[in-house]
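Residue numbers (this note's numbering), protein chains in the order written: chain A, 1 to 957; chain B, 1001 to 1445. The C-beta atom is built at its ideal place from N, Cα and C for all residues, glycine as well. Heads up, the thing below is written out as structure tokens.
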Amino acid sequence: MRLWIDGQCLQTPSRLRGIGRYVTELVRTIAGNHPEVELLVSFNASMPDEALLARETVSSFIDSANIRVWHGAVRGGEATEGYTLERRLSELAIAHHVNCLAPDVALSTSPFEGEGNLAAPLLPGCGCNVPVASIFYDAIPARFKETYLTHGGLSNYYHRRLKAYSGFADNLCISEFSKSELQSFHPSAKATNISAGISHDFIRIRECDSGALVNLGAFVLYVGALDWRKNVTAIIGAFRLIDQVWPENGLKLVLAGDGPAELLNEIVASWKNLGLNPARLICLGYVSDEQLVSLYSQARVLVQPSFMEGFGLTALEAIYCGALVVAARAGALPEVVGTEELLFDPAKPQEIADLVVRLLRDTGRTDALLKGLQKHAAQFTWKRSAAAAVERLAFLAKGNERIGIASSRKRIAKILNGSLIDRELAVRSLAISEPISSPPRLLIDATSTVRIDHKTGIQRVVRKICAALADRPLGTTAERMFIVCDDSLGWFEVDGRKLDRPQKEQQRPLTVLGDTLLMLDSSWEFHALYRKDWRACRLRGGEVIFCLYDFVPLRMQAMCNPAVPLVFSEWFKAALVWSTGFVCISRAVADELLALLEAIEFPRRLKIGYWQLGADFLGTIEALPAEHDSSPHRPHFLMVGTLEPRKGYRIALDAFEKLWAEGVDAALTIVGKTGWGIDHLIERIKHHAELGKRLVWHESMDDAELSRLYASCNALIAASFAEGFGLPIVEAGHFGKPVLASDIPVFREVGTGAAEAHFFQVGDCTALAKAVKDFLKAHPRSPTVAAHPTWPNWGESAAQLENVVIGQNWYRTYEPQVKSPFTPLSELGQTRMAVPLSEADRAHRLTLVEGPHLADEGANLRIIVGVTNLSEAVWSSHGPVDDSLGVALGFHLLDSAGKDIGLDNQRTRIPFVLIPGETNYMAVTVSADWRAQGAAFADIELVQDAIWFGGALRVAL
Amino acid sequence: MLVSYAQNFEDVILWRALKHVAQGFYVDIGAQDPVIDSVSLAFYEKGWRGVHVEPVPAYAAKLRDARMDEDVIEAAIAQSQGPIALFEIPETGLSTGKDEIAQLHAKSGIASKSIKVTALSLSELFARYPNREIHWLKIDVEGMEDEVIASWQPSTSRPWVVVVESTVPRSQQPDYASWEPTLLSLGYEFVYFDGLNRFYVHRDREQLRPAFGSGPNSFDDFTLSGRSKFTRTLAEEIAGLKNEVGRLNHSIVETEKAHTAERSVLVERVSQAERQATLVGSLVERVSQAEQQATLVGSLIERVSRAEQQATLVGSLVERISQAERQVMLVEQLSRDLQLIQSSTSWRLTGPLRSFKRSVRSVAAWPRTITRYGLEHALAWLRCRPRTKALAKSILRFFSPFERRFLAFSRARRTLIVDVDTGWTLEPDRKILSEWRKQLRLPHS
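Listed below in structure tokens is the structure:
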């Protein structure tokens, strides 16, 4: 049987209340116990963030392909706007949506939704061809009109919905009381009682039963809200009466449950006014389920004095945990409690007092009573309720003829034509609400590379992967498209092999549906533009996967162009909000990402994978055989890559200067164009004594030349501080050359592709010098190691990537420690400072990495400092609202006598977060004017707002 | 190395002669100060011990203090026993027993006062030390030398060297004729005159003679004590330096005191600052708490204002409803009127005329509809071809009245671009959208 469920009650505020939990439990139990039922659920895309969160919640028991989305057109709640044309349209849209999905029966889970929000539940009489059943909870607003239906709008809305119940094919009620209520309004309506049970999570907690609340003594418990209907004042009145009859009762009253402060204050005030000791009243506010279990098991008795209850879940849970319950003779409470002895009239506190005294003072029958309660309560299980519901719904499903999409369109169109609904609006809403039949495509973003090709590393990867993917045969993917979007016109397709700019006037933009969207390129500055599409993709059940190349802008912001870290961190935050998965270019980067997510306690599940980049740029040129050079040949070492601070060329230069000073005869060849922030090193190289002799620098080189260099060198040196990949190492492996690399996890990983790899301490030129010396001792002549082609080429790399993204072959899935469903999407965990840090949380270490060097054409001095977080707390430069309480790197300026001349200066902010144990390389910029004014030292120190951390690093300018 | 304290190097000369004697014995008559101008101090320092005869009480007391293991005889040497008058000139070595000399000093403005002192003869003095060899005897008695030497007999003591002051006090005028013969008759021979004293060696001590004759020279290996007038320059310098040192010490002490004071003040201030810092820390915490409260209040205010907005909205809606109700009543009234008109005879009579007019009008409107249809399609065609559009625009510029109309027409026909920001979170599939447009008979976009 195909059963469709209206999921809007999981998007509105009902999701946190009884209705939401009821529906979740019912659906989950059906999914768990009835494999013959195929469950479909739909969410309203006009509440998009809630739709995504609700999707997360149900995805554990409903198949992802069966979670659908439609779009309502309502602008506001029915109680304020009234029954507008847009609302009518939305009801038609959801009916059409259900028709298109063609289930056997539809279940409208909460027909009262939409009072103050954009929900439009499925109602009868809207052109739906499928039999529609509903769930009826209670009619409390109708019974207490003065309190609940305070104005015309509310009243009209409520009565319209209540009237609609007569049109449903069947109504599932949550208790006998609920059923009788429905039948009092609609005598001819069909109604079935399916009651309810105790939630699975609650049962699980009770069985684990670990935590015990602080001993509160003997107490009477009340759990629930504090509004008028719950009648908490009756308990307070009862307490005074108990004190009169039984002076030494020693009982306290414990109120558990969240409520607005005004109501709580009223309760406390009335307690005091009756002359009761304020120490006997304990208000706990919000309590977790674990605490609730402890409270139930430790209470002497639970009192539920509501004037009306649809079911009475609190009483049931209390009985399950072994507490005595006394309840009002109102609503469905008598059904749950079962024993007449334990009921009282909610209008008479005297009866409560008598009952409590009789039970607690004259103990004797309590054990028997409790056993009776538990036996009676055992019949309320979700298994039973689900079975009853399925039986009823299966009955409805018989003999139903389904219509196709075209006839549904005709039907709805006919209804529309007879109304005044705006046609443009209708067309759009109905078109979106129709489920997409086309299978999901693989869409690959290549925006940055297509716009301007700077030939950076990332853009090279994008080109190669796109070309390789374009050539691959389609496996399980329906279609593969390479798309570009750099303005508000939308996404345009481009040819994957050529990646040239799209002709936007001649093409139509494509719509992102429920596809797999792979954000392969570094389109960081466009993230604001893409948000709508990411959201739309995820709403339709598609996947948004981001490609993460490295964490350099967040970890080594000092070694990047200054504009990049901010843009990258904004993009990264947006990616964390919207992505379903990250795919990284090496396992090291994937591990870094996992560590980061764990440290900030990211609240959602995230899939993390990695794939190996290919390396066949020299594939056309065969690896030249190692030549035995007869002439005595000075050993020379090669370094390849753009000159920037991150690549560690300064380390190599320092190391080789050391070696030349010691008389070691070795040459260093550098191949790479000038990058950013490297002026001082360029000057050093240009004016070096050994330039042209033992130090050679090629700014550019064609592939043939480069492969000759690879073939003739002794070894490759890779001295980077951080990398995402490490292509030169793989290339060296291709030529069978050994590698001297800095000891970072990425190089360890990539080094398996090299013939022979030796590692040295990162950033330490002495270690590199020693490694070179050891290497020369071990290999006096150029080693003749065979070529080591173990690294995949681009075709294989593209296959790996597809395997991860389409084949769902993920490395790890990050799961949050504490699951809190319905946390808003914008929550990223602990990425803001909330309080000033304590002494222990300020533990850190500062090391001088480079500097001070002149930068910005001599206008500033840059000092690069490594900041290590040795505490257990996560640091960030953002405070709860703005930047107050943020941690940043500041500095004082001192003159040569050690006197302060500039106490506080421009601070450097942490781009995202600094997690415990991690080191960030941050730059401190001192204006050169200061040096002219006499500043001799800069004391670099961490600061939070106005509190300096101490342990300053003194650097001579 | 000898340190010389004597006024005129007497001890240097004596030491030259007598240095071979260990722990010798001397007699110093008119010893005066135990340090300043003392002839015996050098010998005392070398281990010699002797006897001092000094009648001036003040000096005698000083001698006793300084030379506790020596005899100090507070008496004058004179022939007659019994007290004699001494003219004391305090704090100088000029006290004398001779009246004329006192008068002489008085003429130079130096006053004296007369005191009575005991006296004994030299032989009596020598008799006190019968078994001691006296190695030198000095006589410096300011004019009473002849009395002293006259009182020598009948003692048989013969000191090896005798030194006698032999000038008139405070002058260079020799004055020894009265007593030298007596001395010579005792067996002494004159060996040296140092400008102030005459040195005599007993003939039994011939071996000492070669030691006398030259003045104090570098071979004598001595240094000046610093108390004599020969070292006045140096002494002044030293005194000045000592002053300076004392002053500096004082200033150091003062500075140190000031520093300790300052330091304690600073320590106090530092601890105060630390207290302030902890205070600030707690204040920051409270501030952040307060800020949290503030944001809470802010959100509450927002909610209140939103509720107020809803209320005003409701009010306006109520108004609109009543307006709409009025319109409805108006419409009902009008439709009733229309019905009346339409059911009237005159209307029915003019029926055929109206239908004729209608048909004429619709035929007349055909060209218009056709042109409109054609223009709409042309517009849609042009929109997809930017270059042709540009060309058309430039051509149209020549026909300005038509241009205005054409532009107005195109602006009115611009397809409704439903912006995503106005609430649509999804884009429809294009095929499905066009199907629906067909279904609802909307023009193709």
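Name the two residues that bound the continuous alpha helix (DSSP H) containing B:LYS1242. 1232–1343
Classification of B:LYS1229 by the beta-carbon crowding that lies within 10 angstroms, buried from 16 upward: exposed
When the Cα of A:VAL1003 is compared with those of A:TRP271, A:PHE307, A:GLY322, A:ALA119, which residue comes out closest? Because chain A is modelled from 1 through 957, residue 1003 of chain A falls outside the range shown and cannot be assessed.
For A:GLU113 and A:GLY20, I'd like the C-alpha separation in whole angstroms. 11 Å
Going by DSSP, which residues form a beta bridge with B:PHE1222? B:LEU1002
With a threshold of 16 other CB atoms inside 10 Å of the CB of A:SER631, please say whether the residue is buried or exposed. Reliability of the predicted coordinates at A:SER631 is poor, the pLDDT of 43 falling under 50, and the value obtained from them is presented with this limitation in mind. It is exposed - the Cβ of A:SER631 has fewer than 16 other Cβ atoms within 10 Å.
Per-residue DSSP class, three states only, for A:GLY866: strand
Alpha carbons only, please: which of A:VAL105, A:ALA757, A:LEU343 is nearest the one belonging to A:LEU744? The residue you asked about is not Leu; residue 744 of chain A is Ile in the sequence shown. The residue with the shortest Cα to Cα distance from A:ILE744 is A:ALA757.
For A:THR80 and chain B, any beta-carbon pair shorter than 7 Å? yes
Is it buried or exposed for A:HIS454, if we count other Cβ within 10 angstroms and need 16 for buried? exposed
Cβ of B:ILE1238 within 7 Å of any chain A Cβ: no
Let me make sure I understand the geometry here. Which of A:SER195, A:ARG358, A:THR669 has the alpha-carbon closest to that of A:ARG384? A:SER195
Can you give the Cα-Cα distance for B:SER1343 and B:LYS1389, rounded to whole angstroms? 55 Å
Sheet register partners of A:GLN944 (DSSP bridge): A:VAL887, A:ILE947
Tell me, which residues are paired with B:GLY1449 by DSSP? One cannot answer for residue 1449 of chain B here, as it falls past the ends of chain B, which runs 1001 to 1445.
Does chain B have any CB closer than 7 Å to the CB of A:ILE194? no
Buried or exposed: which applies to A:HIS382, given that a residue is buried once 16 or more other Cβ atoms fall within 10 Å of its Cβ? Note that residue 382 of chain A is Trp in the sequence shown here, rather than His. Flag for A:TRP382 reads buried.
Which of the three DSSP states, helix, strand or coil, is assigned to A:MET958? Any question about residue 958 of chain A goes unanswered here, given that chain A covers just 1 to 957.
Distance, Cα to Cα, A:ASP495 vs A:PHE482? 7 Å
Could you tell me whether the region 754–774 of chain A touches the region 585–592 of chain A, using the rule of 3 or more Cβ pairs below 8 Å? no
Which term fits A:TYR83, buried or exposed, when burial requires 16 or more other beta carbons within 10 angstroms of its beta carbon? exposed
Going along chain A, which residues have a C-beta under 8 Å from B:GLU1285? VAL835, PRO836
Helix, strand or coil at A:GLU38 [DSSP, three-state]: strand
Excluding sequence positions up to five away, which residues of its chain have a Cβ less than 7 Å from the Cβ of B:ALA1211? ARG1016, ALA1017
My guess is that A:GLY795 and A:ALA468 are in contact by the Cβ rule of under 8 Å, so how many angstroms apart are they, rounded? 5 Å
Take every Cβ of the region 1089–1103 of chain B, pair it with every Cβ of the region 939–956 of chain A, and state whether three or more of those distances are shorter than 8 Å. no
Heavy atom of the ligand GTP within 6 Å of A:ILE235 beta-carbon: Inclusion of the ligand GTP in the displayed structure is not the case, the ligand content being empty and no account of it being possible.
Best match in B:LEU1014, B:ILE1110, B:MET1068, B:LEU1433 for proximity to B:PHE1043 [C-alpha to C-alpha]: B:LEU1014
According to DSSP, A:TRP70 sits in a beta bridge with which residue or residues? A:ASN44
Excluding five sequence neighbours on each side, which residues of the same chain lie with their C-beta closer than 6 Å to the C-beta of B:THR1092? none
Quick one: does A:HIS527 have its CB under 7 Å from some CB of chain B? no
With C-beta atoms as the reference, is A:LEU539 less than 7 Å away from A:ALA51? yes
A:GLN459 versus A:PHE395 - alpha carbon distance: 60 Å
To test your reading of the DSSP string, which unbroken beta strand (DSSP E) runs of 3 or more residues are found completely within the region 87–125 of chain A? 105–108
Does any C-beta atom of chain B lie closer than 7 Å to the C-beta of A:LEU89? no
What are the residues of the region 659–683 of chain A that lie near chain B, defined by any Cβ-Cβ distance shorter than 8 Å? none
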